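Start counting the sequence shown at 115; every next residue gets the next number (my numbering).
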Amino acid sequence: MRALFDWRLPVLAIQFLTRLPTPQIKQFEPRLLAQSLGWFPAVGLLIGSLLLIPAYTLAHEPWLAAILTLLLWVWVTGGLHLDGLADLSDGLGAAHRDPARFLAVLKDPHLGSFGVLSLILQLALKLILLMICIRQQSWAALVLIPAWARSGVYCWQTLPALAPGMAEQFGWQKTPCLGWLWWLALTGLSAWLSPWLCGALLVIVGYRYWLKQKLGGVTGDCLGAGIEVSESALLLLLALTASL
């Protein structure tokens, strides 16, 4: 219970997931990063609130608002999850069903053609879907989507770690109750403010199922890619719902 109120945990969560300035932590322990997992959806709400500034302010120019919102989104996260998506795409494209080859490509710091294509498609998709979100004035969804995406880590971290690294470290912290509490809170907020977002948990579980069937486990890059995939999937769900 003491760790729940440890001020270092939300600070570490902000430090890990964003480029926002935070107080310096002089006594860092590896276990603290795993414990900070409980604050990931809260950081998502913070990110969503920041995205609301350019989106709402420039809503009369949807494309301009979408471009500036996307730039802020990439900057505030430091491209962390985009990097995971690019690495995962390179690994899947070059592995040829060889697990050892897949992990070797993930560790390669160089960006391949599959990674470049995934980044182009992801940013283009997000830009278009953000414009639709802004045009529809779906402000609550814009705030809640980053939180929903980061809550997915509670689900994905339960898979076996494919290699030592971030996924293994987050796996140290088993948080089933905390995950359900966040999902319950986000579902309640979604039902009140943006009902179609209640399907977000299906996106999260669907990605976990894909990881289990395709890879048999998870890596840190898979977690980051999952956040990007979830954000785009939920923005797409918004666009489809609006069109119907």
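We put the beta carbon where it would ideally sit given N, CA and C, even for glycine.
Predicted, not measured: the structure shown is a model, and the values here were computed from it.
Label A299 either buried or exposed according to how many other C-beta atoms from any shown protein chain fall within 10 Å of its C-beta, with 16 as the threshold for buried.
Taking the sequence shown and counting its residues from 1, the one referred to as residue 299 is at position 185. Burial call: exposed.
Sufficient close CB pairs (3 or more, under 8 Å) joining the region 265-281 to the region 335-347
yes
From D212 to S227, what does the alpha carbon distance come to, in whole angstroms?
For this step, residue 212 is matched to residue 98 along the sequence shown. For this step, residue 227 is matched to residue 113 along the sequence shown. When rounded, the distance between both Cα atoms is 19 Å.
Using the Cα positions of L325 and A261, report the straight-line distance between them to the nearest angstrom.
In the sequence shown, the residue the question calls residue 325 occupies position 211. In the sequence shown, the residue the question calls residue 261 occupies position 147. Going from the Cα of L325 to the Cα of A261 covers about 21 Å.
Does the distance from the C-beta atom of L186 to that of L178 stay below 9 Å?
If you number the sequence shown from 1, residue 186 lands on position 72. If you number the sequence shown from 1, residue 178 lands on position 64. No, these two residues do not count as a Cβ contact at 9 Å.
Measure the CB-CB distance between L307 and A263 and report whether it falls below 9 Å.
In the sequence shown, the residue the question calls residue 307 occupies position 193. In the sequence shown, the residue the question calls residue 263 occupies position 149. No, the Cβ-Cβ distance between L307 and A263 is not below 9 Å.
Closer than 7 Å by C-beta to I181: which residues in its own chain qualify, once you throw out the five before and the five after it? Chain order, please.
Along the sequence shown, one-based indexing puts residue 181 at 67. Hits under 7 Å: L241.
Pairwise C-alpha distance: L244 and L165
Numbered from its first residue, the sequence shown carries residue 165 at position 51. Numbered from its first residue, the sequence shown carries residue 244 at position 130. Roughly 10 Å separates the two Cα atoms.
Would E345 and I259 be called neighbours here (beta carbons separated by less than 9 Å)?
Taking the sequence shown and counting its residues from 1, the one referred to as residue 345 is at position 231. Taking the sequence shown and counting its residues from 1, the one referred to as residue 259 is at position 145. Yes, the pair counts as a contact, with Cβ atoms nearer than the cut-off.
According to DSSP, is A277 part of a helix, a strand, or is it coil?
Position 163 of the sequence shown, counted from the first residue, corresponds to residue 277. Assignment of A277 by DSSP, reduced to helix, strand and coil, places it in the coil class.
Between which residues of its own chain and L350 is the CB-CB distance below 7 Å, once the five residues before and five after are set aside?
By 1-based counting over the sequence shown, the position of residue 350 is 236. Hits under 7 Å: L243.
Who are V332's beta bridge partners in DSSP?
Within the sequence shown, the letter at position 218 stands for residue 332. In the DSSP output, where bridge partners are listed per residue, V332 has A275.
Within the same chain, show all residues whose beta-carbon is closer than 7 Å to that of S163, passing over the 5 residues directly before and after it, in chain order.
Within the sequence shown, numbered from 1, the residue matching residue 163 stands at position 49. The answer, listed in chain order, is V257.
Between L217 and I161, what straight-line distance do the alpha-carbon atoms span, to the nearest angstrom?
Here residue 217 corresponds to residue number 103 of the sequence shown, with the count starting at 1. Here residue 161 corresponds to residue number 47 of the sequence shown, with the count starting at 1. For L217 and I161, the distance between alpha carbons rounds to 31 Å.
Under the three-state reduction of DSSP, which class applies to K140: helix, strand or coil?
Working through the sequence shown from its first residue, we reach residue 140 at position 26. Three-state DSSP puts K140 in coil, outside helix and strand.
For L159 and R215, the rounded distance between their alpha carbons:
By one-based count along the sequence shown, residue 215 stands at place 101. By one-based count along the sequence shown, residue 159 stands at place 45. Taking the straight line from one Cα to the other gives about 37 Å.
Would you say R94 and T191 are within 9 Å of each other, going by their C-beta atoms?
The chain is shown only over 115 to 358; residue 94 falls outside these bounds and no answer can be derived.
Cα-Cα, which of C336, C291, K328 is closest to H210?
As a working mapping, residue 210 is identified with position 96 in the sequence shown. Check the Cα spacing between H210 and each of C336, C291, K328: the tightest is with K328.
Which residues mark the beginning and the end of the alpha helix (DSSP H) in which H195 is found?
As a first step, residue 195 is located in the sequence shown; it is residue number 81 there, counting from the start. From DSSP, the alpha helix (DSSP H) with H195 extends over 194-209.
Kindly indicate which residue of P137, V317, A356 has the alpha-carbon position closest to the one of L348.
Within the sequence shown, residue 348 is the residue found at index 234, counting from 1. Closest option to L348, Cα to Cα, is V317.
Coil, strand or helix - E175 by DSSP:
Stepping through the sequence shown from its first residue, residue 175 is reached at position 61. If DSSP states are grouped into helix, strand and coil, E175 belongs with coil.
Provide the residue span of the alpha helix (DSSP H) that contains P135, from first to last.
Stepping through the sequence shown from its first residue, residue 135 is reached at position 21. P135 -> no alpha helix (DSSP H), and no H or E assigned at all.
Rounded to the nearest angstrom, what separates W377 and L131 at their Cα positions?
No information on residue 377 is available, as it lies outside the stretch 115 to 358 that the chain covers here.
The alpha helix (DSSP H) that contains S227, what's its start and end?
Your numbering for residue 227 matches position 113 in the sequence shown. Here the alpha helix (DSSP H) through S227 covers 227-249.
Cβ shell of S104 (< 6 Å), same chain only, five flanking positions each side left out:
With the chain running from 115 to 358 in the structure shown, residue 104 is simply not present.
Please classify S308: does DSSP put it in a helix, a strand, or coil?
Counting from one through the sequence shown, the residue named residue 308 turns up at place 194. In the structure shown, S308 sits in coil (DSSP, three-state: anything other than H, G, I, E or B).
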